[in-house]
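Asks: Protein chains in written order, with the numbering used here: chain A, 1 to 162; chain B, 163 to 423.
All residues carry an ideal CB built from backbone N, CA and C; glycine is no exception.
These figures come from a predicted structure and were not determined experimentally.
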């Protein structure tokens with residue numbers, strides 16, 4: 001197995017993790033990972049050294065963006081908000097980190113996951129997303145404050161029972 | 163001592179959480195957090211988020227990847243069936259959607275041709291592999307099938323007889339389509355090869371037969387009266403064309419008298 005193939009092979013578990021969190025759907029995630037690998041292998045001649053892992057993250061991030069764009073031609077479904085948590089109560093798991101991620105804009109979600117889940121540096125994320133570091137930082141800040149607001153909304157105010 | 167005038171902002175707090183700060187700034191931020199409980203609470207909430215994300219998804223990387231990710235196999239098949247699912251969507255949709263949406267800016271709506279063809283191929287791929295429940299109403303109940311689907315689609319339609327081109331009607335079902343309820347008929351050759359006909363209302367008046375192809379499936383699109391039809395099947399152009407022509411000829415004959423009344 002060539003060194004290039006070896007680098008791709010060792011990246012697969014992490015790519016699956018990233019894709020799973022990015023799509024929140026196991027099947028979709030693995031389809032995207034597979035497509036990422038196929039594209040990477042097909043484009044071996046275009047790859048002139050450098051960080052294979054970051055390159056794979058870039059392909060995967062772009063493929064997912066294309067997928068969402070394709071889906072957007074269909075009528076948008078309204079996200080489930082407060083009402084569903086209200087019926088089940090917080091114990092029913094109405095709001096959790098998965099739903100908090102659902103609420104984010106795609107670029108914010110991808111930036112946050114690349115940093116906290118995949119351990120990429122800001123510079124690497126900037127390369128993957130093709131934007132300046134400052135943009136990555138503001139995406140992270142927005143993602144975090146939105147998740148915080150979402151998760152904080154889960155907890156009902158404690159009331160003293162008289 | 164820290165410089166009291168040097169305010170620690172959101173960006174620096176984020177960079178602190180992510181270990182992106184040089185040592186001297188890290189010390190400064192820590193000192194700042196000791197005297198700014200709101201920021202300290204924020205930082206701890208952000209760390210908690212990261213822990214939740216890792217707790218929820220981290221274990222995926224410990225799984226042994228399924229065989230489908232075998233690099234040698236993917237290399238051998240990289241031009242073949244492996245990319246089919248994505249490639250088919252890309253091939254059929256790229257023209258319409260990429261031309262249509264550039265960075266979220268709507269330039270023009272996709273045509274009925276694009277929408278019907280994409281949806282028909284989605285339905286084809288979804289049901290053609292179905293062994294036990296490919297249809298809702300079986301082909302031996304043709305009159306019922308035609309009446310039911312005509313009523314729901316809102317326009318008289320018929321499952322064409324395609325025996326002459328070697329196809330037997332498996333049956334049909336109702337599906338949501340780009341313009342509303344849509345009829346979906348499935349046909350089969352004696353060897354089990356399946357073709358589907360997708361049919362819904364359209365305002366499109368262009369009646370030319372249009373061919374679209376991808377690596378695994380292909381489709382013919384045409385309009386007859388107020389209905390758009392998409393015939394989907396394996397990418398064999400001549401065969402698809404013959405079937406489309408046979409179906410078209412029957413529709414033409416059957417719908418003409420009804421348009422008068």
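Taking a contact to mean a Cβ-Cβ separation below 8 Å, would you say residue 346 of chain B touches residue 337 of chain B in this structure?
Replies: Within the second chain, the letter at position 184 stands for residue 346 of chain B. Within the second chain, the letter at position 175 stands for residue 337 of chain B. In contact: residue 346 of chain B and residue 337 of chain B (Cβ atoms closer than 8 Å).
Asks: Does any C-beta atom of chain B lie closer than 8 Å to the C-beta of residue 171 of chain A?
Replies: Chain A is shown from 1 up to 162; residue 171 of chain A falls before or after that span and cannot be answered.
Asks: Tell me the residue span of the beta strand (DSSP E) that contains residue 393 of chain B.
Replies: Within the second chain, the letter at position 231 stands for residue 393 of chain B. Segment 389-395, the beta strand (DSSP E) holding residue 393 of chain B.
Asks: Chain A partners of residue 237 of chain B, CB-CB under 8 Å?
Replies: Translated into the one-based positions of the second chain, residue 237 of chain B becomes position 75. Ordered by position in chain A, the residues that pass the 8 Å Cβ test against residue 237 of chain B are 5, 41.
Asks: For a contact meaning CB atoms closer than 8 Å, what does residue 140 of chain A contact in chain C?
Replies: Note that chain C does not occur in the displayed structure, where the protein chains are A and B.
Asks: Near residue 225 of chain B, which residues of its chain fall below 8 Å by C-beta distance, leaving aside the five closest residues on each side in sequence?
Replies: Along the second chain, read from residue 1 onward, the residue named residue 225 of chain B stands at position 63. Once the five neighbours on either side are set aside, residue 225 of chain B has no close Cβ partner at all.
Asks: Output the boundary residues of the alpha helix (DSSP H) element that contains residue 324 of chain B.
Replies: Counting from one through the second chain, the residue named residue 324 of chain B turns up at place 162. From DSSP, residue 324 of chain B is part of no alpha helix (DSSP H); its letter is neither H nor E.
Asks: Under three-state DSSP, which class holds residue 91 of chain A?
Replies: Here residue 91 of chain A corresponds to residue number 91 of the first chain, with the count starting at 1. Interpretation of residue 91 of chain A is limited by its pLDDT of 38, a score under 50 that renders its predicted location unreliable; no figure is taken from the coordinates.
Asks: Could you spell out the range, first to last residue, of the beta strand (DSSP E) harbouring residue 345 of chain B?
Replies: By one-based count along the second chain, residue 345 of chain B stands at place 183. Unbroken beta strand (DSSP E) run through residue 345 of chain B: 343-350.
Asks: Within 10 angstroms of its Cβ, does residue 215 of chain B collect 16 or more other Cβ (buried), or is it exposed?
Replies: Residue mapping note: residue 215 of chain B aligns to position 53 of the second chain, counting from 1. Result: buried.
Asks: Bridge partners of residue 386 of chain B, per DSSP?
Replies: By 1-based counting over the second chain, the position of residue 386 of chain B is 224. Answer is B:389, bridged to residue 386 of chain B.
Asks: For residue 223 of chain B and residue 55 of chain A, what's the separation of their Cα atoms in angstroms?
Replies: The residue labelled residue 223 of chain B in the question sits at position 61 within the second chain. The residue labelled residue 55 of chain A in the question sits at position 55 within the first chain. Near 18 Å, if we compare the C-alpha coordinates of residue 55 of chain A and residue 223 of chain B.
Asks: Leaving out five residues on either side along the sequence, give the residues of the same chain with a beta carbon under 6 Å from the beta carbon of residue 388 of chain B.
Replies: To locate residue 388 of chain B, count along the second chain from 1; it is residue 226. Only 317, 363 meet the Cβ criterion.
Asks: Which residue marks the beginning of the beta strand (DSSP E) containing residue 363 of chain B, and which one marks its end?
Replies: Working through the second chain from its first residue, we reach residue 363 of chain B at position 201. Residues 356-363.
Asks: Run the CB neighbour count on residue 110 of chain A, radius 10 Å, all protein chains shown included, and call it buried at 16 or more, exposed below.
Replies: Translated into positions along the first chain, residue 110 of chain A becomes position 110. Per the 10 Å Cβ criterion, buried.
Asks: Quick one, are the C-beta atoms of residue 59 of chain A and residue 40 of chain A less than 8 Å apart?
Replies: As a position in the first chain, residue 59 of chain A is number 59, starting the count at 1. As a position in the first chain, residue 40 of chain A is number 40, starting the count at 1. Contact: yes.
Asks: Return helix, strand or coil for residue 121 of chain A, following the three-state DSSP convention.
Replies: Here residue 121 of chain A refers to the residue found at position 121 when the first chain is read from its first residue. Of the three classes helix, strand and coil, the one that applies to residue 121 of chain A here is coil, per DSSP.
Asks: Considering only C-alpha positions, which residue in the set A:145, A:4, A:121, A:139 is nearest to residue 45 of chain A?
Replies: Working through the first chain from its first residue, we reach residue 45 of chain A at position 45. Cα-wise, what sits closest to residue 45 of chain A is A:4.
Asks: I need the DSSP call for residue 334 of chain B, collapsed to helix, strand or coil.
Replies: In the second chain, the residue the question calls residue 334 of chain B occupies position 172. Note: residue 334 of chain B maps to strand in three-state DSSP.
Asks: So if DSSP puts residue 373 of chain B in a beta bridge, which residue, or which two residues, is it bridged to?
Replies: Working through the second chain from its first residue, we reach residue 373 of chain B at position 211. Bridge partners of residue 373 of chain B: B:382.
Asks: Could you tell me how far apart the beta carbons of residue 410 of chain B and residue 359 of chain B are, in whole angstroms, since I believe they sit closer than 8 Å?
Replies: Here residue 410 of chain B is taken as the residue at index 248 of the second chain, counted from 1. Here residue 359 of chain B is taken as the residue at index 197 of the second chain, counted from 1. Residue 410 of chain B to residue 359 of chain B, Cβ: 11 Å. No contact.
Asks: What separation, rounded to the nearest whole angstrom, lies between the Cα atoms of residue 142 of chain A and residue 17 of chain A?
Replies: In the first chain, residue 142 of chain A corresponds to position 142, counting from 1. In the first chain, residue 17 of chain A corresponds to position 17, counting from 1. When rounded, the distance between both Cα atoms is 23 Å.
Asks: Closer than 8 Å between beta carbons: that is the criterion. Which residues of the segment 186-216 of chain B meet it against chain A?
Replies: Residues 204, 207, 208, 211, 212, 214, 215, 216.
Asks: Please list the partners that residue 218 of chain B has in chain A, where partner means a Cβ-to-Cβ separation under 7 Å.
Replies: Counting from 1 along the second chain, the entry for residue 218 of chain B is found at position 56. Simply 97, 98.
Asks: Kindly indicate if chain A contains any beta-carbon less than 8 Å away from that of residue 244 of chain B.
Replies: Position 82 of the second chain, counted from the first residue, corresponds to residue 244 of chain B. Since pLDDT at residue 244 of chain B reaches only 41, below the 50 mark, its modelled position is unreliable, and the value read off the structure follows with that caveat. Closer than 8 Å to some Cβ of chain A, the Cβ of residue 244 of chain B qualifies, so yes.
Asks: What span of residues does the alpha helix (DSSP H) with residue 22 of chain A cover, start to end?
Replies: For the purposes of this step, residue 22 of chain A is taken as residue 22 along the first chain, with counting starting at 1. Segment 3-23, the alpha helix (DSSP H) holding residue 22 of chain A.
Asks: To which residues of the same chain is residue 286 of chain B closer than 7 Å at the C-beta, ignoring the five residues directly before and after it?
Replies: The residue labelled residue 286 of chain B in the question sits at position 124 within the second chain. Cβ neighbours of residue 286 of chain B beyond the five flanking positions: 358, 379, 394.
Asks: Check the Cβ-Cβ distances between residue 287 of chain B and every residue of chain A, and say whether any is below 8 Å.
Replies: As a working mapping, residue 287 of chain B is identified with position 125 in the second chain. By this cut-off, residue 287 of chain B is not an interface position.
Asks: Is the Cβ-Cβ distance between residue 106 of chain A and residue 57 of chain A less than 8 Å?
Replies: Counting from 1 along the first chain, the entry for residue 106 of chain A is found at position 106. Counting from 1 along the first chain, the entry for residue 57 of chain A is found at position 57. It is not a contact, given that the beta carbons lie outside the stated cut-off.
Asks: Using a C-beta to C-beta distance shorter than 7 Å, which residues of chain A count as neighbours of residue 172 of chain B?
Replies: Within the second chain, numbered from 1, the residue matching residue 172 of chain B stands at position 10. Neighbours of residue 172 of chain B on chain A, chain order: 141.
Asks: By a C-beta neighbour count over all protein chains shown, 10 Å radius and 16 as the cutoff for buried, is residue 439 of chain B buried or exposed?
Replies: Nothing can be reported for residue 439 of chain B, as the shown portion of chain B is limited to 163 through 423.
Asks: Helix, strand or coil, according to DSSP, for residue 290 of chain B in the structure here?
Replies: As a first step, residue 290 of chain B is located in the second chain; it is residue number 128 there, counting from the start. Here residue 290 of chain B sits in coil by DSSP.
Asks: What in chain A is Cβ-close to residue 227 of chain B, meaning under 7 Å?
Replies: As a working mapping, residue 227 of chain B is identified with position 65 in the second chain. Those are 12, 13, 16, listed as they occur along chain A.
Asks: For residue 26 of chain A, which residues from the same chain have a beta carbon less than 7 Å from its beta carbon, with the 5 sequence-adjacent residues on both sides left out?
Replies: Position 26 of the first chain holds residue 26 of chain A. If we look at residue 26 of chain A and ignore the five residues flanking it on each side, its Cβ neighbours are 20.
Asks: So, helix, strand or coil for residue 340 of chain B, using DSSP?
Replies: Taking the second chain and counting its residues from 1, the one referred to as residue 340 of chain B is at position 178. Three-state result, residue 340 of chain B: coil.
Asks: Any residues in the segment 397-415 of chain B with a beta carbon nearer than 9 Å to a beta carbon of chain A? Which ones, in chain order?
Replies: Result list empty, no residue passes.
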